[in-house]
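With our numbering applied, the sequence shown corresponds to residues 185 to 607, in that order. Glycine included, each C-beta is placed from N, C-alpha and C at the ideal position.
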Amino acid sequence: MSVASHHTETPAADAAKLLIRLGLTILMVALPCVGVVARGAIYVLMPIGAILILIGAVVGAPDHGPRHLRTALLSPAGLTALFLTFWAGLSLAWTPFPGEAAQRFAQIVGTTFLVALVAAFLPARTRAVDLYLLPVGATLSALAMLVLRWRAPDWFVGASEFDDSLFERSMITLIVLVWPALGALSLREHWIFAAGLAMLAAAVALVGFAQIGLAAMGAAAFVFALAMSNPGALARILGFIFAGLVLFAPMLPLIYAPIFHWTGRDPGAASQSMLIWRDLIISEWPRLITGHGFDTANHGLSLGYLPPLTPKSLLFVIWYDLGVIGAAAFAFLTARIFRLAARSPAIVAPSVLAGFVAVLTLSFLGVATAQIWWVTLIDCAIIAFIILIKGIYRTQRPAAPMTERALDYDGEDAASAAALRSG
């Protein structure tokens with residue numbers, strides 16, 4: 185076979201490769217870096233990067249896109265996500281803030297559907313060079329945050345609320361995206377660089393004195409270490425724990441209140457939040473079934489309908505907005521995602537599990553769960569993990585000389601086993 189037959193890229197294939205590379209660079213490098221200095225960067229860069237990737241993937245004419253999307257939507261996790269979306273949309277009928285809630289619902293659904301399309305149409309295998317994009321972006325953003333935190337300009341650290349500070353928002357972005365970045369470095373066996381990036385991320389959380397950020401980093405690092413030996417068993421245990429927390433969340437304030445009163449101490453901010461949750465459960469217990477409607481907790485808190493110390497935890501929000509039906513669906517979805525993570529290749533399973541635990545820890549401890557930027561960040565992390573999983577097949581040298589079946593971004597097997605495992 186001639187050498188020319190090994191490289192038969194058409195102009196369309198070159199354009200597809202360029203668009204995908206540009207989109208990934210925007211998401212994995214520009215988004216975490218520009219987000220350090222511009223609060224609204226994520227709202228602009230995320231859709232631009234995702235659309236460029238999607239256009240490039242479609243130009244590459246992958247046959248697997250519709251099939252992968254259909255398979256994902258008809259899987260147990262996909263059907264649960266669709267039901268949760270349906271229930272959230274239905275709850276707009278009884279939310280006290282239908283206009284604002286409908287707008288936020290449309291934004292979340294639109295962004296998530298765009299990410300689903302990107303996931304379905306992405307080429308089956310990731311180029312090795314693209315695995316380095318997120319580690320580069322995470323490293324640069326961490327260094328920038330350390331420098332700015334040391335100089336402490338008011339525009340960077342001046343806000344008092346956790347999710348209102350640009351530093352802390354950038355820190356949350358790093359805590360979420362560092363795990364697929366570490367997975368990419370581990371996949372390429374750059375262990376020293378992976379350790380250095382992990383220490384940079386930990387240093388950012390330390391200099392910010394952010395207890396929630398440190399808790400998320402610590403929990404995720406602990407899971408990452410444990411998952412190195414038996415990720416499957418650990419994933420099943422974590423799925424049981426986190427799904428149980430979601431399903432039985434209202435029991436927490438009901439149990440906590442009498443124990444706290446028994447101690448006779450004055451309630452701090454955290455204790456007051458739990459006591460407020462307990463009072464809301466007792467006074468509005470019929471709402472545990474249907475919830476108050478999508479986005480009621482967020483708007484109720486911002487407009488003063490709820491006490492200032494009302495919990496911001498996802499555990500409270502899911503129950504207050506969507507009731508037991510929405511909470512049960514979310515608990516089942518959480519368990520399914522952990523099960524899917526258990527089935528991911530062992531080489532990337534630790535980073536997948538650690539990333540999911542970091543996201544859930546931040547959400548359960550009350551960080552920005554109702555904010556559009558948080559949902560957009562999660563969508564970006566999903567793309568990062570998909571790129572990571574599809575990069576597994578670039579880590580081993582072929583046993584035989586390369587043939588035209590050696591796949592690339594612009595020439596790939598539609599039936600590859602690198603199909604997305606996230607359901």
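Do the segment 278-288 and the segment 234-242 touch if we need at least three Cβ pairs shorter than 8 angstroms?
no
Whole-angstrom distance between A512 and F267, CA atom to CA atom
As a working note, residue 267 is residue 83 in the sequence shown. As a working note, residue 512 is residue 328 in the sequence shown. Distance between the alpha carbons of F267 and A512: 11 angstroms.
Which residues in the same chain as A568 place their Cβ atom closer than 7 angstroms to its Cβ, once the five residues preceding and following it in sequence are excluded?
Residue numbering aside, residue 568 sits at position 384 when the sequence shown is read from its first letter. Excluding residues within five positions, the ones whose Cβ falls inside 7 angstroms are M212, L318, L361, P364.
Just verifying my parser: in three-state terms, what is the DSSP assignment at W375?
Start at 1 with the first residue of the sequence shown, and residue 375 comes out as number 191. If DSSP states are grouped into helix, strand and coil, W375 belongs with the helices.
Pull up the distance between the alpha-carbon of M383 and that of T545, whole angstroms please.
Looking up residue 383 in the sequence shown gives position 199. Looking up residue 545 in the sequence shown gives position 361. Roughly 19 angstroms between the two C-alpha positions.
Member of F393, T447, V228, V299 whose CA lies at the smallest distance from the CA of A256:
Walking along the sequence shown from the start, residue 256 turns up at place 72. Checked all of F393, T447, V228, V299; the closest Cα to A256 is V299.
Which residue's Cα is closest to the Cα of G294: P231, A411, H248?
Numbered from its first residue, the sequence shown carries residue 294 at position 110. Cα-wise, what sits closest to G294 is P231.
What do you reckon, are the CB atoms on L436 and G475 nearer than 8 angstroms?
Residue numbering aside, residue 436 sits at position 252 when the sequence shown is read from its first letter. Residue numbering aside, residue 475 sits at position 291 when the sequence shown is read from its first letter. Taking 8 angstroms as the Cβ cut-off, L436 and G475 do not qualify as a contacting pair.
Is DSSP giving P442 helix, strand or coil here?
Along the sequence shown, read from residue 1 onward, the residue named residue 442 stands at position 258. Here P442 sits in helix by DSSP.
May I have a chain-ordered list of the beta strand (DSSP E) segments no shorter than 3 residues that lie completely inside the segment 345-422?
none
Output yes or no for whether 8 angstroms exceeds the beta carbon distance between F281 and D479.
The residue given as residue 281 occupies position 97 in the sequence shown. The residue given as residue 479 occupies position 295 in the sequence shown. Yes, they are a contact pair.
Taking one C-beta from the segment 423-440 and one from the segment 392-406 each time, how about it: are there three or more such pairs within less than 8 angstroms?
no
Going by beta carbon distance, what residues of the same chain come within less than 6 angstroms of Y440, once the five residues before and after it are set aside?
Mapped onto the sequence shown, residue 440 falls at position 256. Same-chain partners within the cutoff: M458.
Quick check on the DSSP output: what are the complete alpha helix (DSSP H) runs of length 4 or more inside the segment 260-303, in order along the chain?
260-274
If the criterion is Cβ atoms closer than 8 angstroms, does the pair M401 and A419 meet it?
To locate residue 401, count along the sequence shown from 1; it is residue 217. To locate residue 419, count along the sequence shown from 1; it is residue 235. No, Cβ-Cβ distance for M401 and A419 is not below 8 angstroms.
Could you pull the start and end residues of the alpha helix (DSSP H) that H248 belongs to?
Mapped onto the sequence shown, residue 248 falls at position 64. Looking at the DSSP string, the run of the alpha helix (DSSP H) that includes H248 is 248-258.
Nearest to D463 (by Cα), restricted to the options H483, I473, L490:
Numbered from 1 along the sequence shown, position 279 holds the residue referred to as residue 463. Answer by Cα proximity: L490.
Find out if the Cβ-Cβ distance for the pair G219, S354 is shorter than 8 angstroms.
Position 35 of the sequence shown, counted from the start, is the residue given in the question as residue 219. Position 170 of the sequence shown, counted from the start, is the residue given in the question as residue 354. Contact: yes.
Could you give the distance in angstroms between the alpha-carbon of P614 and the alpha-carbon of A304?
In the structure displayed, the chain extends from 185 to 607; residue 614 sits before or after that span and is not available.
Which of helix, strand or coil does DSSP assign to D314?
For the purposes of this step, residue 314 is identified with residue 130 of the sequence shown, where counting begins at 1. Three-state DSSP puts D314 in a helix.
Give the straight-line distance between the Cα atoms of L276 and T269, rounded to the nearest whole angstrom.
Here the question's residue 276 lines up with position 92 in the sequence shown. Here the question's residue 269 lines up with position 85 in the sequence shown. Cα to Cα, L276 sits roughly 11 angstroms from T269.
Can you give me the Cβ contacts of W469 inside the same chain, cut-off strictly under 7 angstroms, excluding the 5 residues immediately before and after it?
For the purposes of this step, residue 469 is identified with residue 285 of the sequence shown, where counting begins at 1. Answer for W469: no residue qualifies.
Whole angstroms is fine: what's the gap from G452's alpha carbon to G488's?
For the purposes of this step, residue 452 is taken as the residue at position 268 of the sequence shown. For the purposes of this step, residue 488 is taken as the residue at position 304 of the sequence shown. Distance between the alpha carbons of G452 and G488: 20 angstroms.
So what does DSSP say about L211, is it helix, strand or coil?
Position 27 of the sequence shown, counted from the first residue, corresponds to residue 211. Note: L211 maps to helix in three-state DSSP.
Is L208 closer than 8 angstroms to D338 when the C-beta atoms are compared?
In the sequence shown, the residue the question calls residue 338 occupies position 154. In the sequence shown, the residue the question calls residue 208 occupies position 24. No, Cβ-Cβ distance for D338 and L208 is not below 8 angstroms.
Would you call the segment 523-540 and the segment 492-501 touching, i.e. three or more CB-CB distances under 8 angstroms?
no
Span of the alpha helix (DSSP H) holding F516?
Within the sequence shown, the letter at position 332 stands for residue 516. Per DSSP, F516 belongs to the alpha helix (DSSP H) from 498-526.
Taking only three categories from DSSP, how would you classify R471?
Residue numbering aside, residue 471 sits at position 287 when the sequence shown is read from its first letter. R471: helix per DSSP, three-state reduction.
Among L206, L493, W271, the one whose alpha carbon lies nearest that of A454:
Taking the first residue of the sequence shown as 1, we reach residue 454 at position 270. That would be L493, whose Cα lies nearest to the Cα of A454.
Is it right to say V331 is buried, meaning 16 or more other beta carbons lie within 10 angstroms of its own, or is it exposed?
Taking the first residue of the sequence shown as position 1, residue 331 is located at position 147. Per the 10 Å Cβ criterion, exposed.
In angstroms, rounded to a whole number, what distance separates the CA positions of P415 and G283?
Residue mapping note: residue 415 aligns to position 231 of the sequence shown, counting from 1. Residue mapping note: residue 283 aligns to position 99 of the sequence shown, counting from 1. Distance between the alpha carbons of P415 and G283 is about 44 angstroms.
Rounded to whole angstroms, how far is the Cβ of V243 from the Cβ of A308, which I believe are closer than 8 angstroms?
Mapped onto the sequence shown, residue 243 falls at position 59. Mapped onto the sequence shown, residue 308 falls at position 124. Contact doesn't hold; Cβ gap of about 16 angstroms is too wide.
Measure the alpha-carbon distance for Y316 versus F516 and round it to whole angstroms.
Counting from 1 along the sequence shown, the entry for residue 316 is found at position 132. Counting from 1 along the sequence shown, the entry for residue 516 is found at position 332. Taking the straight line from one Cα to the other gives about 34 angstroms.
Cβ distance (whole Å) where L524 is taken to contact A261 below 8 angstroms:
Locating residue 524 in the sequence shown gives position 340, counting from the first residue. Locating residue 261 in the sequence shown gives position 77, counting from the first residue. The C-beta distance from L524 to A261 rounds to 6 angstroms, short enough to meet the 8 angstroms contact threshold.
Leaving aside the five residues before and after L561 along the sequence, list all residues of the same chain whose C-beta is less than 7 angstroms from its C-beta, in chain order.
As a working note, residue 561 is residue 377 in the sequence shown. Hits under 7 angstroms: I226, T357, V360.
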